[in-house]
Amino acid sequence: MGMRGHGGGPMQRLSMEKKKAARPIGVLLKALGAYLGKYKGLLIASGLISLLYAGTQILNPIFLSMGIDSIDPSNSNIITLFGFELTGLTAVLVYAGLFVFLGSLGFVINSFNTRILSRVRAFMVNDMRTDVYNKLINSSMSYIKKEQSGNITSRITSDTDEVSTGIQVFITIVVQLFLLVVTFFVILFQINWQILLICLGSIPFALLLSGILSTLGRKIVLRIRRKFGEVSGKMAESFSGVAVSKSFNQEVNLSNQMKVLNQQYYKMSIQFGIMMNVIMPIISTISAIVTSMILYVGGVITNLSYGEIFLGTMLAAQFLRPVTHLSMMFPTLQTSLGALDRILDIKEATPAIPDAPNAEQLNENYSIKFDKVWFAYDLDTWVLKDINFDVKQGEMVALVGHTGAGKTTLASMLLTRFYDIQKGSIKIGEQDIREVTQHSLRQAIGLIPQEPYLFTASVYDNIKYGKPDATDEEVYKICQMIGADTFIQALPDGYNTMVREGGKQLSAGQRQIITIARAMLSDPQILILDEATSRLDAYSESLVQDAQRKLFKDRTTFVIAHRLSTIHDADKIVVFEKGELMEMGTHDELMKSDGIYADLYETYYRFQGIDAIDIEAFLEEDEEEFDLSPQAMMTSGNIDPEKIKKMVAEGKLPPAALEHLKQMKESSSPEMKAKMVKKKKHPPH
460 MGMRGHGGGP
470 MQRLSMEKKK
480 AARPIGVLLK
490 ALGAYLGKYK
500 GLLIASGLIS
510 LLYAGTQILN
520 PIFLSMGIDS
530 IDPSNSNIIT
540 LFGFELTGLT
550 AVLVYAGLFV
560 FLGSLGFVIN
570 SFNTRILSRV
580 RAFMVNDMRT
590 DVYNKLINSS
600 MSYIKKEQSG
610 NITSRITSDT
620 DEVSTGIQVF
630 ITIVVQLFLL
640 VVTFFVILFQ
650 INWQILLICL
660 GSIPFALLLS
670 GILSTLGRKI
680 VLRIRRKFGE
690 VSGKMAESFS
700 GVAVSKSFNQ
710 EVNLSNQMKV
720 LNQQYYKMSI
730 QFGIMMNVIM
740 PIISTISAIV
750 TSMILYVGGV
760 ITNLSYGEIF
770 LGTMLAAQFL
780 RPVTHLSMMF
790 PTLQTSLGAL
800 DRILDIKEAT
810 PAIPDAPNAE
820 QLNENYSIKF
830 DKVWFAYDLD
840 TWVLKDINFD
850 VKQGEMVALV
860 GHTGAGKTTL
870 ASMLLTRFYD
880 IQKGSIKIGE
890 QDIREVTQHS
900 LRQAIGLIPQ
910 EPYLFTASVY
920 DNIKYGKPDA
930 TDEEVYKICQ
940 MIGADTFIQA
950 LPDGYNTMVR
960 EGGKQLSAGQ
970 RQIITIARAM
980 LSDPQILILD
990 EATSRLDAYS
1000 ESLVQDAQRK
1010 LFKDRTTFVI
1020 AHRLSTIHDA
1030 DKIVVFEKGE
1040 LMEMGTHDEL
1050 MKSDGIYADL
1060 YETYYRFQGI
1070 DAIDIEAFLE
1080 EDEEEFDLSP
1090 QAMMTSGNID
1100 PEKIKKMVAE
1110 GKLPPAALEH
1120 LKQMKESSSP
1130 EMKAKMVKKK
1140 KHPPH
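Under the working numbering, the first residue of the sequence shown carries the number 460, and numbering increases by one thereafter.
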C-alpha cells in the first residue's frame, strides 16, 4: 500500500555487502570465546584429559624408540625400565606391549574427551542459534525488510551449522597445541638441542604460510558465504512468487538470474579450491625438509642411536602436527569463520527499537492524537509530512488516498511503533507511545494486514495465536459470533485442519475471516485494518463485512479503506495525498467540499458493485425486489447485496451512485444489461 521501499534494491544491497571487509580473526575468536566461556567446567575437564592424551602420544614413540634400541646389536647400552634391566626378546615384548597399551589408552581417553567436546559444541551452537533467532525476531522492521528471507534463514541454519563444525576444529587445534608444548619439553630434555632448533626453525615458515593463507582464505570464504545467502534468498523468492513468475512467462529470466548467481558462487569456490590445493604440498615439503635435517643431524653430526633418531623424527612430526593439522582443516575453519562473520553481522546490526528507560504501561484511554508527525524510511524522502489529527476513543476512522500516499505507514508502521517517527509525537490518551512499553502498546492494538497471513498450524492454533491462553469455549464463541464456525466445521478436520503454505487451501474470504477471529480473540482496544483489495465472491464478501462490523464495535479503529460501505460507516474520513493530510471529515462534508475525496469517489468508490444491483428494481417504485444473477454473483467483489438494499431502504445510497445507476440503465451494453435482472414477486400457488 502506502509504504515506500527503503534500503536500496537487491543489486544495491549486493554491492554494499561486497564492499564490507571481513572482521579480524582476533575479533572472531573473541566472539567464539564468549560462547565457549559459558562452559568453563567442561572445557577445563577436557583440557586435563587432553594433557593425559598428550602424554600417551609422547610416551608411545619414546617406548617404541627404546624397543628399537633394544634389538640393535651395535647398541651396548643396557636399557632399564622402572629399575628393571631389559634385554633381548623380553625388551621387545615389554616395549611392544607398552606401545599397544598406550595406543589403546589414548584411544579411550580421546573418545571420552570427544564426547565432552561434542556436548560443548552442541550447547554452544544451540546458544548461538537461539541468540541469532531472538536477535532477528526482535530486530527493527527496517533491517528485516531489507534482507531476503532466504538469506536470513541461511544465517540461522546453515551458518550456525558451519560454525559448529569450526568449533570442533578449533578445539581440536587447541588439543594439538597441548601436544606441541609437551613435545617441546620432551625434545629439549630427552634427545638433542640441535633437533629442537630444527623444529623451532620450521615454525616461522609454517606460521607465515598459514597467516597469509588465512587472510586470503577468510576473505574468499566470507564472499562465498554471502553469495550462498543470496542464492538461498533468490531460491526462496522464486518459489514464493512462482505463480506471478509463470503468469508473466518469466521462467527463463529467473533461470538466467539464478545462473548468474551460481556462476559467481562457482568462481569463488574455484578460487578457494585452487588455494587449498597449494597448501598441503607446501606443508608436506616443510615436513620433509625437517625430517631430512633431523636424519642428517642424528646420523652425521651427532652420535645418536637408531631409536633416538627414530624418536627425533616422530617427535618432530608431533611438533609440526598442529600446523599441519591446521592446514588440513583450513578450508573448514575458514568456512566457519566466514559463517561466524555473517552471524556477527546480525548480532551487531542496529538493535530493535528500545523501550524508554522509564517506560510505563499503556493506560486505558484509547483516544489518539497525531501531532506534527514527520516520517521517512530514509532521510532523503519524507513519506509523511506534518500530520495532525485527533481520534476519539471508540471512533472508526477511514484512511483513504492513492497508493503510496502514506496510509499504511501511518497506521500499520508508526502507531504500532515498528518504526519511530523523526519529528512530532503520537499519543494514546496523554501518553507518547515512545514513553510506554512496546509490549503493552502492541497488546492493546490488533493489526489485520491487507494480505491475511496464516501460520503452518491448525485453524484452531491460528485463531488462538492472538491469545495463547484462550479457552476452547472462547475460540468457538468468537467463531460462532462472526459466522466462521460454519465453514470451519465443514473443513476436512474442522478446527484441527492444518493450514499449509499460508492457507492456500482456503479461499481469500476464509483467510480474512480467520484473521478477524484471531484479532477479536485478543480483544484489542485499538484496531488497524488494511482492507484487502482482492475481490471476493458475494457470499464471502457478506461474511467478511458482517465480521468486520462486529469487530469495529466499541473499538478505536483505523481502516485503510477500499470498500464503499466501510467509508460510509466511518465516523471520520482522513484523506492523504503524497504523504500529506489534505482533507478530513464525514462523507457528506467531503463530497460538498468537492476536493480530492470527491475526485476519488467519482473515479473509484462509486463504481464498486454497481453492476451487481438490480437497477430496474431499484429505480421503479413497485414491489419488485433486489436480486443478483449468477453472473453478477461471480463478478461482484466489493459489495454486499444486503448492504445495498439497506442503504436504498434508508435513503443512504449517495446521489452520485443514484445518478450513475440511471446512466447505466440508458447506456449499458447488452452484456451488462444481462447482469441487471429484475425479479418480480409472484403470489404463492
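Cβ atoms here follow ideal geometry from the backbone N, Cα and C, with glycine treated the same way.
My output table needs one value for L799: the three-state DSSP class, helix, strand or coil. helix
Got a sec? Which residues, its chain only, sit under 8 Å from F955 by beta carbon, not counting five neighbours each side? Residue 955 is actually Asn in this sequence, not Phe. Cβ within range, chain order: S917, V918 and Y919.
Hey, R438 and A815: beta-carbon distance below 9 Å or not? Look at the range of the chain in this structure, 460 to 1144, and you will see that residue 438 is not part of it.
Cα separation between A1133 and G968? For A1133, the pLDDT reaches just 47, beneath the cut-off of 50, and the residue's location in the model is therefore unreliable, leaving the point undetermined.
Alpha carbon to alpha carbon, what distance is there between G565 and L518? 11 Å
Once you ignore the five residues that flank E621 on each side, which residues in its own chain have a CB closer than 7 Å to its CB? T794, S795 and A798
T945 and Q820 closer than 9 Å at C-beta: no
Min CB distance G625 to chain B below 9 Å: Given the protein chain composition of this structure (a single chain), no chain B is represented.
Out of A1020, P927, K1012 and I484, which one is the CA nearest neighbour of M940? K1012
Run the CB neighbour count on G660, radius 10 Å, all protein chains shown included, and call it buried at 16 or more, exposed below. exposed
Distance, L488 Cα to L873 Cα: 40 Å
Pick from D590, Y755 and I904: whose alpha carbon is nearest that of S981? I904
For A490, does the three-state DSSP call read helix, strand or coil? helix
Note down the Cα distance separating G500 from I626, rounded to an integer number of angstroms. 17 Å
CB of I521 within 9 Å of CB of A550, strictly: no
Could you have a look at L980 and say whether DSSP puts it in helix, strand or coil? helix
6 Å CB neighbourhood of K882 in its chain, flanking five on each side removed: W833
Boundaries of the beta strand (DSSP E) in which N847 is found, first to last residue: L843 to V850
Per DSSP, T1145 forms a beta bridge with which residues? Only positions 460 to 1144 of the chain appear in the structure, and residue 1145 is not among them; the question remains open.
Would you decide whether H898 is buried or exposed? Buried here means 16 or more other CB atoms lie within 10 Å of its CB. exposed
For Y592, collect the residues of the same chain with a Cβ closer than 8 Å to its Cβ; drop the 5 residues on either side in sequence, then sort them by chain order. I615
Is it a yes or a no for the region 747-756 touching the region 768-775, going by three-plus beta-carbon pairs under 8 Å? yes
For V486, count the other beta carbons within 10 Å of its own beta carbon; 16 or more makes it buried, fewer makes it exposed. Which is it? exposed
Roughly how many angstroms separate the alpha carbons of I444 and M1043, rounded to a whole number? Examination of residue 444 is not possible in this model, given that the chain is present from 460 through 1144 alone.
Under 9 Å, do I679 and M717 count as touching if we go by C-beta distance? no
At a threshold of 8 Å, does E894 count as lining the ligand ATP (C-beta to nearest heavy atom)? What this structure holds is no ligand at all, so the ligand ATP is not there to describe.
Quick check: what's the CA-CA separation for G496 versus M587? 13 Å
Neighbourhood of L656 by C-beta distance below 8 Å, restricted to the same chain and skipping five residues each side: none
Under 9 Å, do N572 and S505 count as touching if we go by C-beta distance? yes
When we look at the beta-carbon of A747 and count the other beta-carbons within 10 Å, is it buried (16 or more) or exposed? exposed
Tell whether a beta-carbon distance below 9 Å holds between V856 and F1035. no
What do you reckon, are the CB atoms on G962 and L913 nearer than 9 Å? yes
CA-CA distance, I503 and R574? 14 Å
Write down the C-beta distance between D1030 and E854 rounded to the nearest angstrom, noting that I regard them as a contact closer than 8 Å. 4 Å
CA-to-CA distance, L986 to I1019, given in whole angstroms: 11 Å
Alpha-carbon to alpha-carbon, Y725 and R682: 11 Å
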